[in-house]
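Down below is the structure, laid out as structure tokens.
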Amino acid sequence: MRFPARAGYPGVAMSAGDSALAARARETLARVFGHDAFRGPQEVIVVHVAAGGDALVLMPTGGGKSLCYQIPALLREGCAVVVSPLIALMADQVAALTQLGVRAASLNSSLDAREAARIERAFAAGELDLLYVAPERLLTPRCLDLVGRAGVALFAIDEAHCVSQWGHDFRPEYLGLSVLHERWPAVPRIALTATADPLTRQEIVERLALHEARVFVSSFDRPNIRYTIVDKDDERAQLLAFIRESHAGDAGIVYCLSRRKVDETAAWLATKGVDAIPYHAGMEASERAANQMRFQRDDGVVVVATIAFGMGIDKPDVRFVAHLDLPKSIEGYYQETGRAGRDGLPADAWMAYGLADVVQQRRLIEQSEASDEFKRVSSAKLDALLGLAETAGCRRVRLLDYFGEASGPCGNCDNCLAPPETWDATDAARKALSAIYRTGQRFGASHVIDVLRGKGGDKVGRWEHDRLSVFGVGADLDEAAWRGVFRQLVAQGLVRVDHEAHGALKLAETSRAVLRGDATVAMRRTVARAPRSPKLRGEAASLDTGARTLFDALKAWRLEQAKVQGVPAYVILHDRTLAAIAQARPASLAELARIGGIGAAKLDRYGAAIVALAGERG
Numbered sequence: 001m002r003f004p005a006r007a008g009y010p011g012v013a014m015s016a017g018d019s020a021l022a023a024r025a026r027e028t029l030a031r032v033f034g035h036d037a038f039r040g041p042q043e044v045i046v047v048h049v050a051a052g053g054d055a056l057v058l059m060p061t062g063g064g065k066s067l068c069y070q071i072p073a074l075l076r077e078g079c080a081v082v083v084s085p086l087i088a089l090m091a092d093q094v095a096a097l098t099q100l101g102v103r104a105a106s107l108n109s110s111l112d113a114r115e116a117a118r119i120e121r122a123f124a125a126g127e128l129d130l131l132y133v134a135p136e137r138l139l140t141p142r143c144l145d146l147v148g149r150a151g152v153a154l155f156a157i158d159e160a161h162c163v164s165q166w167g168h169d170f171r172p173e174y175l176g177l178s179v180l181h182e183r184w185p186a187v188p189r190i191a192l193t194a195t196a197d198p199l200t201r202q203e204i205v206e207r208l209a210l211h212e213a214r215v216f217v218s219s220f221d222r223p224n225i226r227y228t229i230v231d232k233d234d235e236r237a238q239l240l241a242f243i244r245e246s247h248a249g250d251a252g253i254v255y256c257l258s259r260r261k262v263d264e265t266a267a268w269l270a271t272k273g274v275d276a277i278p279y280h281a282g283m284e285a286s287e288r289a290a291n292q293m294r295f296q297r298d299d300g301v302v303v304v305a306t307i308a309f310g311m312g313i314d315k316p317d318v319r320f321v322a323h324l325d326l327p328k329s330i331e332g333y334y335q336e337t338g339r340a341g342r343d344g345l346p347a348d349a350w351m352a353y354g355l356a357d358v359v360q361q362r363r364l365i366e367q368s369e370a371s372d373e374f375k376r377v378s379s380a381k382l383d384a385l386l387g388l389a390e391t392a393g394c395r396r397v398r399l400l401d402y403f404g405e406a407s408g409p410c411g412n413c414d415n416c417l418a419p420p421e422t423w424d425a426t427d428a429a430r431k432a433l434s435a436i437y438r439t440g441q442r443f444g445a446s447h448v449i450d451v452l453r454g455k456g457g458d459k460v461g462r463w464e465h466d467r468l469s470v471f472g473v474g475a476d477l478d479e480a481a482w483r484g485v486f487r488q489l490v491a492q493g494l495v496r497v498d499h500e501a502h503g504a505l506k507l508a509e510t511s512r513a514v515l516r517g518d519a520t521v522a523m524r525r526t527v528a529r530a531p532r533s534p535k536l537r538g539e540a541a542s543l544d545t546g547a548r549t550l551f552d553a554l555k556a557w558r559l560e561q562a563k564v565q566g567v568p569a570y571v572i573l574h575d576r577t578l579a580a581i582a583q584a585r586p587a588s589l590a591e592l593a594r595i596g597g598i599g600a601a602k603l604d605r606y607g608a609a610i611v612a613l614a615g616e617r618g
């Protein structure tokens, strides 16, 4: 499927020289990458960088950021040096470019001395188009000296948000990258990220000395992703139901906060017939690498992981990302959910969320050894995420608004598809606040809920809380409803959790107005959502029976090619390209060449086999 043509980029007029450069860029896009036209701002960014300008590019995952430096690298003299944070990401990028006939390599710690020396010689001799290198390696005196001796076309700094202490994935080694501008001021630099709020964006500019750079902010919207947040009840059962109903046999990522929970969840899913594997920093490096490789190269694998897994994962056919624990911020949530649906096909971002999540994240912030300013910023980021979780309106509108992007209801999130009921919870809030106060502000939610519902027990009796005026005043609501009330009271800042007192609930200053009757409280009603009907999955869902047969044959052929070459299957050809081939049934190389994703190198390498397969199954 060809990319849709777009008419330039709003507000930008090209000079004659830029127009000529744009023509060369489009020719390279078609010849090497097999696409007719750029998407969105890609062309303007490519021309700007190829002409020698600096750029800061904010573009969503799957939006085509890599092309913004790969094509300038092919248009300019010399080799592009790409700063990349992870070996896995480098390997996938190099493999994909090699398939396209581009001279690419990486320098990383996985190489032996002989192979590293070979790549260094090729770089110095001008025999490479792109060289991927980790920031800590690039900043060594040896590597900087090598860069100084080689002809460098441009510097590309991927995952640029890693430079920000306010970001969700701060990496100190990124701070030293300002040296690139200091030592080679004439070499253009392009910094790229899929997510950065205004605070993080400003720090990227300051830390990387990009004051003169043009800033390109594409839409943060990922319209193919459906956002769903459910009230946590039995999270494992909820997760399993979600996978079985909507994503049986699909590749997915499940995020958990702790290593123990990762191991336990992966093992439990495996007992339920899900092909699930764990990933976290506490595993042996060899096992961790093996599990990552299996997820990358096999179909239908679900990886259960901490946030240690993710950056550098370029698998395009991840159909869902699930969270069993609340992330720290909207940036983290956006980055993690963005690993789904990189191929542009329908995908899900699903999260189970409860009071314990709010308590846990507040505790992590309050008990950290960070500065007061960092704690303040972290608390504000958490509040924004809680607002997203608790909103009764469109999730996408709330998400995009955080990044400063206005939008309308998307029609493709849980709240748009099944609008939640809101209710005047003022009376319930007053009862809850009174119960917290009258029990001495020294107990957690479970105990206070027992008092409100008039539920006796050893603990209630021992403290004589069955004699309080609030005992039983909340019998009209069940336990789940009350948990929803307390969760939202904490989220709205009316109740705080004292972590030094074993999670005791205490009244915040803002609760006084509610108790006095001077303020009202509106809440989302906590209800169990009806299971969704299974949806058609992937590109093949739209194919007729004959085309589906060819699609399956092409996938089997692709898998064999990938095994022989030792690369992920999607590096050979994406599912979208296979589906387009299956639909078109090309009878010649000329017909195959017209399909998006088939550049000159892939046509030469695979064309005859694909046409023959299409003829056999046509």
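Residues 1 to 618 in our numbering are what the sequence shown spells out, letter by letter. Built from N, CA and C at the ideal position, the CB exists for glycine as well. Predicted model only: the values in this text are computed from it and were never measured.
Residues near residue i by beta carbon distance below 7 Å, same chain, minus five either side
i    : result
G282 : R259
V217 : L58
A513 : A519
L388 : I330, R395, R398, L399
Close-in-space but distant-in-sequence residues of the same chain around residue i (CB under 8 Å, 5 per side omitted)
i    : result
T306 : Y255, C256, L257, S258, R259, V262, Y279, H280, A281
L628 : A query on residue 628 cannot be resolved here, the shown segment of the chain reaching from 1 to 618 and no further.
Q42  : G64, L67, C68
Cβ-based burial, residue i [other Cβ within 10 Å; buried from 16]
i    : result
V187 : buried
W423 : exposed
H502 : exposed
L417 : exposed
V179 : exposed
A608 : exposed
A530 : Because A530 sits at a pLDDT of 46, beneath the cut-off of 50, its placement in the model cannot be relied upon, and the following sentence gives the value as read from the coordinates. Its Cβ having fewer than 16 others within 10 Å, A530 is exposed.
P568 : buried
D233 : exposed
S588 : exposed
D343 : buried
G332 : buried
G354 : buried
E127 : exposed
E630 : Nothing can be reported for residue 630, as the shown portion of the chain is limited to 1 through 618.
S164 : buried
Q335 : buried
Same chain, Cβ closer than 6 Å to residue i, neighbours up to 5 away in sequence not counted
i    : result
F33  : G599
A96  : V571
M351 : I229, H323
G11  : The pLDDT assigned to G11 is 44, lower than 50, so where the model puts this residue is not dependable; a value taken from the coordinates is nonetheless given after this. No residues qualify anywhere along the chain.
L536 : Per-residue confidence for L536 stands at a pLDDT of 43, beneath the threshold of 50, marking its modelled position as unreliable; the derived number appears in the next sentence. Contacts found: none.
F309 : Y279
D498 : A504, K506
V619 : Nothing about residue 619 can be read from this structure; the chain reaches only from 1 to 618.
S110 : I87
C-beta atoms of residue i and residue j nearer than 8 Å
i    : j    : result
D92  : D314 : yes
G338 : T510 : no
C68  : V46  : yes
A156 : P85  : no
F320 : H211 : no
Q99  : K602 : yes
V303 : L269 : no
A50  : A25  : yes
N108 : R137 : yes
A340 : A347 : yes
R585 : P420 : no
S371 : D221 : no
CB contact check: residue i to chain B, cutoff 8 Å
i    : result
L382 : The structure shown contains no chain B; it is built from a single protein chain.
- Message: Any contact between the stretch 227–246 and the stretch 187–201? By contact I mean 3 or more CB pairs, one from each, below 8 Å.
- Response: no
- Sequence ranges, alpha helix (DSSP H) only - wholly within the stretch 180–227, length at least 4: 198–207
- Item | Inter-stretch contact (C-beta, 8 Å, three-pair minimum) for the stretch 446–454 and the stretch 469–477 | yes
- Message: Would you call the stretch 324–333 in contact with the stretch 453–472, where contact means no fewer than 3 C-beta pairs closer than 8 Å?
- Response: no
- Length-filtered (3 minimum) beta strand (DSSP E) runs lying within the stretch 577–618: none
- Message: When you compare the stretch 287–294 with the stretch 551–559, are there three or more beta-carbon pairs, one atom per stretch, that lie closer than 8 Å?
- Response: no
- Task: Quick one: which unbroken alpha helix (DSSP H) runs of 4-plus residues sit fully inside the stretch 444–506? Chain order, please.
- Result: 445–452, 458–462, 479–491
- Taking only runs that begin and end inside the stretch 333–367, name each unbroken alpha helix (DSSP H) of 4 or more residues, in chain order. 355–366
- Query: Below 8 Å, can you find three or more Cβ-Cβ pairs linking the stretch 430–438 to the stretch 489–500?
  - Reply: yes
- What are the start and end residues of each continuous beta strand (DSSP E) run of 3 or more residues lying completely inside the stretch 86–136, in chain order? 104–107, 130–133
- Task: Would you list, in sequence order, the uninterrupted alpha helix (DSSP H) runs of no fewer than 4 residues that lie entirely inside the stretch 381–421?
- Result: 395–402, 414–417
- Query: In the stretch 239–266, which residue ranges form an unbroken beta strand (DSSP E) of at least 3 residues, counting only runs that do not cross its ends?
  - Reply: 251–255
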